[in-house]
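The structure appears below as structure tokens.
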Amino acid sequence: MLNKRHLPSITALQCFEAVTRHLSFTRAAEELNLTQSAVSKQVAQLEELLQHLLFRRVRRRLQMTPAGDLYLVEVRKILTQVEMSTHYLRSYGGETEVLRVSTPSTFGARWLVPRLKGWRLRHPSIHLDLCNEHEADDLLQGRSDLAFYFGQGSRPGTECLKLFGEELVPVCAPGSLPATPFTDPTQLTDLVLLQNASRPQAWHDWFDSQGRQTEHSYHGPRFETFYMCIRAAQVGCGVALLPRFLVEEELADGKLVIPWPHAMPSTDAYYLAYPEHAAEVPKVRDFVKWMLEQVDSPDPLAH
């Protein structure tokens with residue numbers, strides 16, 4: 008691991024990046040309000056640290072080396088991140104707190120986001136930072152303050168509040184239905200079963216809950232998110248097995264229909280979790296209270 012002596016300064020990275028754009032130490036120095044020798048020295052120290060030449064002179068003109076091209080990609084990422092982080096922090100007042108919340112993507116877009124309306128008015132000093140759910144230990148690693156997840160109500164080191172369960176229903180585009188109504192659920196396999204990567208057993212369990220078996224339970228295109236499954240069903244790619252609450256809007260609008268009226272309750276549920284030690288942190292407590300109110304209130308998207 009590099010020690011501090013081996014880490015280039017931001018100034019050195021800025022000098023290098025400016026020189027790559029101008030291909031001139033003099034013009035880079037003018038942009039950065041430094042002397043030409045200062046910029047040249049910063050780049051030379053960077054080359055010494057990297058043990059690679061970043062520029063070479065060809066017929067009195069400055070050209071980048073392959074190592075310089077490679078390093079530039081990484082340097083621009085670093086400088087962009089520093090700039091974004093600086094603007095991010097400057098955009099809030101001294102009393103503002105950031106609350107990081109992770110959520111499964113489709114759940115976040117379909118259920119969570121509509122229920123955040125009004126949050127800013129009640130809690131103007133708490134800025135929400137929402138991101139897609141990544142790893143189960145994001146909470147314990149400090150990458151998130153709270154996390155929504157689907158599963159069992161037990162995660163080591165966390166408090167888990169049950170929000171609600173779900174039931175899975177098959178949905179497809181109206182145009183996908185045959186002229187003759189289905190008389191058996193296994194006939195849905197004629198439409199192509201759309202698979203969700205996070206629920207590989209779903210179709211098998213749905214058929215099994217009706218005392219049916221089919222060798223096609225695991226056959227069909229596989230999608231990573233529920234949102235992809237929803238869109239695939241909408242455009243006529245096949246029939247998807249989805250939590251009803253995620254497609255209420257499409258069902259109400261007639262964009263999707265239920266081709267076979269069997270709803271299968273899931274054994275798991277949706278939970279809101281936070282670290283045990285954060286139970287009394289005001290911003291966490293405020294968000295938990297808000298979410299519990301939303302669970303008990305009518306659907307904000309209800310027609």
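Going by my numbering, the first residue of the sequence shown is number 8, and it counts up by one from there. Ideal Cβ positions, reconstructed from N, Cα and C, are used throughout, including at glycine.
Item, Value
"So Thr165 and Ala280 are supposed to be a Cβ contact under 8 Å. How far apart are they, rounded?", "5 Å"
"Under 8 Å: do the region 243-250 and the region 122-142 share three or more Cβ pairs, one atom per stretch?", "no"
"How would you write the range of the alpha helix (DSSP H) that Cys26 sits in, first residue to last?", "Per the sequence presented here, residue 26 reads as Val, with Cys not at that position. Looking at the DSSP string, the run of the alpha helix (DSSP H) that includes Val26 is 17-29."
"Might you give, ordered along the chain, the residues of its own chain that have their beta carbon closer than 6 Å to the beta carbon of Gly158, omitting 5 neighbours on each side?", "Asp275"
"In this structure, how does DSSP classify Gln194 when only helix, strand and coil are distinguished?", "helix"
"Using CA coordinates, which residue listed in Val199, Leu170, Asp152 is at the minimum distance from Gly160?", "Leu170"
"Assign Met235 to buried or exposed, taking buried as 16 or more other Cβ atoms, counted over all protein chains shown, within 10 Å of its Cβ.", "buried"
"Can you name the start and end residues of the alpha helix (DSSP H) that Asp215 belongs to?", "209-215"
"Under a three-way DSSP split, which group does Gly100 fall into?", "In this predicted model, Gly100 has a pLDDT of only 49, less than 50, meaning its place in the structure is not dependable; the value taken from the coordinates is given anyway. The answer is coil: DSSP assigns Gly100 none of H, G, I, E or B."
"With DSSP collapsed to three states, give me the class of Met8.", "Here the model assigns Met8 a pLDDT of 49, short of 50, so the residue's position is not dependable and the matter cannot be decided."
"Please confirm whether Ser273 and Glu173 have their CB atoms less than 8 Å apart.", "yes"
"Using 8 Å as the threshold, is the C-beta distance between Leu57 and Ser31 below it?", "no"
"Let me confirm a value: Arg28 is counted as buried when at least 16 other C-beta atoms fall within 10 Å, else exposed. Which label applies?", "exposed"
"Does the region 17-28 touch the region 47-65, meaning 3 or more C-beta pairs lie closer than 8 Å?", "yes"
"May I ask which residues mark the beginning and end of the beta strand (DSSP E) holding Ala247?", "246-250"
"Is there a C-beta anywhere in chain D that falls below 8 Å from the one on Ala154?", "Protein chains in the displayed structure number just one, and chain D is not present."
"With distances taken between CB atoms, is the gap from Val295 to Leu201 smaller than 8 Å?", "no"
"Taking Cβ positions, are Leu258 and Cys179 nearer each other than 8 Å?", "no"
"Just how far apart, CA to CA, sit Cys22 and Arg66?", "23 Å"
"Counting only runs of 4+ residues fully inside the region 242-307, write out the alpha helix (DSSP H) ranges in chain order.", "255-260, 289-303"
"Does the distance from the CB of Pro181 to the CB of Gln217 come in under 8 Å?", "no"
"Only counting the same chain, and skipping five residues up and downstream in sequence, which positions put a Cβ closer than 8 Å to that of Phe189?", "Leu195, Pro266, Trp267"
"Please state whether DSSP places Asp152 in a helix, a strand or coil.", "coil"
"Considering Arg64, what are the terminal residues of the beta strand (DSSP E) in which it resides?", "62-65"
"Please classify Lys124: does DSSP put it in a helix, a strand, or coil?", "coil"
"Could you check how far apart the C-beta atoms of Phe155 and Pro111 are, in whole angstroms? I think they sit under 8 Å.", "7 Å"
"Take Gly261 and list the residues in its own chain whose beta-carbon comes closer than 8 Å to its own, dropping the five residues that flank it on each side.", "Pro181"
"If Phe233 sits next to Thr113, beta carbons under 8 Å apart, how far is it from one beta carbon to the other, in whole angstroms?", "4 Å"
"Is it the case that the Cβ atoms of Val2 and Ser151 are separated by a distance below 8 Å?", "Residue coverage of the chain in this structure runs from 8 to 310, which leaves residue 2 outside it and unanswerable."
"What separation, rounded to the nearest whole angstrom, lies between the Cα atoms of His13 and Leu86?", "18 Å"
"With distance defined between alpha-carbon atoms, name the residue in Pro228, Arg219, Pro207, His211 nearest to Val199.", "Pro228"
"Sort out for me which residues DSSP pairs Ser109 with in a bridge.", "Cys138, Ala154"
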